[in-house]
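First up is the structure itself, then whatever we jot down about it.
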Amino acid sequence: MLECVLRDNPFYKQKYSDLLIPLAGLALRDLDALPLTDKAELASDQEANPPYGTNLTRPLVEYTRVHQTSGTTGTPLRWLDTPESWQWWLDCWVEVYEAAGVGPDDRIFIPFSFGPFIGFWTAFEAGPQVGAITIPAGGLTSEQRVEKLFEYDATVVVCTPTYALRLAQIARDTGRDLAASSVRVTIHAGEPGASLPNVKARIEEAWGARCVDHAGATEAGAWGYGCGHADHMHINESAFIAEVIDPESLEPAPVGPGDRQEGELVLTNLGRIGSPVIRYRTGDLVEMSREPCPCGRPTAWLRGGVLGRIDQMVTVRGINVYPSAIENIVRAHGAIDEYEAHVRTEREMADLLLLVEVTDSDPAAVAKALEEDVHGRLQLRPRVEIVSSGSLPRYELKSQRFRGITDDRTTGKG
Ligand SMILES: [Zn+2]
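Every number in the numbering used here is 67 more than the matching position in the sequence shown, counting from 1.
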């Protein structure tokens with residue numbers, strides 16, 4: 068990959084032009100001699116060289132696909148693929164399906180509006196490659212999607228974990244029981260959460276199906292998948308090189324007991340030669356382990372999947388509080404349909420406000436139980452406020468329930 072990139076890719080040729088190391092014979096162990104790549108420099112390259120930037124190893128005429136990042140901050144990055152790099156993506160998704168036990172007997176239902184976001188396009192196109200009937204379910208309301216998945220006798224559903232819970236609420240409200248459908252596996256992408264034990268349990272209960280996590284990024288590719296063992300999400304190390312760095316010092320994160328590293332995930336993809344990322348800062352906070360996984364796969368795995376975004380982490384009295392920690396606690400409370408978290412820090416003290424929609428007849432008791440639970444687990448006493456049912460936003464993709472560090476309280480209370 069490097070050979071082609073160093074010869075033909077203007078972005079990386081420029082980026083590496085000042086390096087004093089000989090790149091031609093670079094070995095894998097020398098990888099950390101290369102500088103990290105981050106999203107900001109790719110964005111400014113696209114701004115300076117619109118619309119596609121210069122991270123293109125091939126002539127423009129050879130590219131056939133374009134997508135863009137779905138992040139909620141900044142200008143989206145546009146990303147091109149050649150047929151070769153697109154097939155590499157699909158091969159990574161085939162790994163996800165195979166790890167989830169999906170094959171020719173399956174009917175994969177993909178309830179996603181097929182816009183410029185890459186994730187579900189690749190899930191969709193990889194479906195036929197494992198021999199499954201692949202059902203497009205874009206352009207429908209959520210109610211229609213619930214009906215369609217029964218009508219088509221779907222066995223697999225691919226969507227965000229948030230949307231899986233949303234469909235479950237709609238099914239409940241319309242008198243449908245998803246657990247009575249043929250769906251036996253749900254695969255989740257687009258946002259983290261499906262590796263969190265309580266989120267997973269809640270989805271599995273609502274759907275009567277096995278819940279499998281997957282992680283990917285527009286710039287990097289489909290890099291992770293759940294193996295079915297506990298909260299483990301493996302990294303596809305046949306297609307990616309994974310490193311974990313300290314996001315402050317940018318040095319490799321210290322290796323703790325059990326060969327464990329906590330910090331920001333850095334990825335190098337190996338098969339997307341047309342538009343690669345080399346030592347790319349994903350912005351994802353992870354805990355990576357190389358302890359053997361009981362599933363037998365020899366690759367590194369992440370505990371709890373992606374824990375959140377680096378910029379969403381809040382430290383309270385020495386304890387790192389991630390969005391995933393809050394998500395996992397809230398999802399253990401079955402009477403809470405939807406929530407939103409607002410965190411404000413001031414002089415080392417964090418103030419956590421949780422807005423919750425409750426279906427129980429005694430919402431105050433549910434709020435109290437949640438408050439105790441958060442306090443017990445995070446040593447942080449939240450304020451829990453009940454809001455009216457349906458007043459919080461619902462998301463098909465990239466939920467924004469965690470309002471990070473705000474300077475003042477903006478509840479959007481309904
Ligand atoms: Zn495993």
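Where is the CB? At the ideal position from N, CA and C, for every residue including glycine.
| Query | Result |
| --- | --- |
| Kindly indicate which three-state DSSP category glutamate 452 falls into: helix, strand or coil? | strand |
| With a cut-off of 7 Å, give the chain-ordered residues whose Cβ is closer than this to any heavy atom of ligand 1. | Cys294, His296, His299, His301, Cys360, Pro361, Cys362, Arg364, Trp368 |
| For asparagine 395, which option in Arg411, Asp378, Leu374 has the closest C-alpha, if you only look at C-alpha atoms? | Leu374 |
| Apart from the five residues just before and just after phenylalanine 217, which ones in its own chain have a Cβ nearer than 6 Å to its Cβ? | Ser248 |
| Which residue comes first and which comes last in the beta strand (DSSP E) that contains alanine 282? | 277-284 |
| Note down, in chain order, each residue of its chain lying with its Cβ closer than 6 Å to the Cβ of isoleucine 308, except the 5 sequence neighbours on either side. | Thr335 |
| Rank Ala367, Tyr462, Ile177 by C-alpha distance to the C-alpha of valine 252 and give the top, closest one. | Ile177 |
| When the Cα atoms are used, what is the spatial distance from leucine 101 to asparagine 122? | 16 Å |
| Got a sec, what are the start and stop residues for the alpha helix (DSSP H) arginine 327 sits in? | Here arginine 327 belongs to no alpha helix (DSSP H); instead the beta strand (DSSP E) covers 327-336. |
| Answer yes if the region 196-204 comes into contact with the region 151-164, meaning at least three C-beta pairs across the two stretches below 8 Å, and no otherwise. | yes |
| What's the gap between the Cα of arginine 96 and the Cα of threonine 142? | 35 Å |
| Taking all protein chains shown into account, do 16 or more other C-beta atoms lie within 10 angstroms of the C-beta of serine 428, making it buried, or fewer, making it exposed? | exposed |
| Terminal residues of the continuous beta strand (DSSP E) containing phenylalanine 307? | 307-312 |
| Specify the secondary structure class of threonine 478 as computed by DSSP and reduced to three states. | For threonine 478, the predicted structure reports a pLDDT of 35, less than 50, and the residue's modelled location is therefore unreliable. A value from the coordinates is still provided. DSSP places threonine 478 in coil when its eight states are reduced to three. |
| What are the uninterrupted segments assigned as beta strand (DSSP E) that are 3 or more residues long and contained completely in the region 93-173, given in chain order? | 132-135, 145-148 |
| Please give the ranges of any alpha helix (DSSP H) in the region 410-448, keeping only runs that are unbroken, at least 4 residues long and fully inside the region. | 430-445 |
| Between which two residues does the alpha helix (DSSP H) carrying valine 72 extend? | 69-75 |
| Restricting to Cα atoms, I'd like to know which of Arg174, Ser455, Ala431, Arg269 is closest to threonine 222. | Arg174 |
| Let me know if cysteine 294 comes out buried or exposed under the rule of 16 or more other beta-carbons within 10 Å of its beta-carbon. | buried |
| I need the DSSP call for alanine 273, collapsed to helix, strand or coil. | helix |
| Suppose you measure from the CA of arginine 346 to the CA of glycine 288; what does that come to, to the nearest Å? | 13 Å |
| Might you give, ordered along the chain, the residues of its own chain that have their beta carbon closer than 7 Å to the beta carbon of threonine 241, omitting 5 neighbours on each side? | Glu210, Val213 |
| State yes or no: is the C-beta of glutamine 328 within less than 7 Å of the C-beta of phenylalanine 469? | no |
| From alanine 94 to arginine 357, what distance separates their C-alpha atoms? | 22 Å |
| Should methionine 300 and serine 342 be called a contact, given that it needs their Cβ atoms to be closer than 7 Å? | no |
| Buried or exposed: cysteine 278, going by 16 or more other Cβ atoms within 10 Å of its Cβ? | buried |
| Residues in the same chain with beta-carbon distance under 7 Å from valine 353, minus the five sequence neighbours each way, listed in chain order, please. | Val311, Leu332, Leu369, Val373, Leu374 |
| Find the nearest neighbour of glutamate 258 within the set Ala238, Lys435, Ala284, judged by alpha-carbon distance. | Ala284 |
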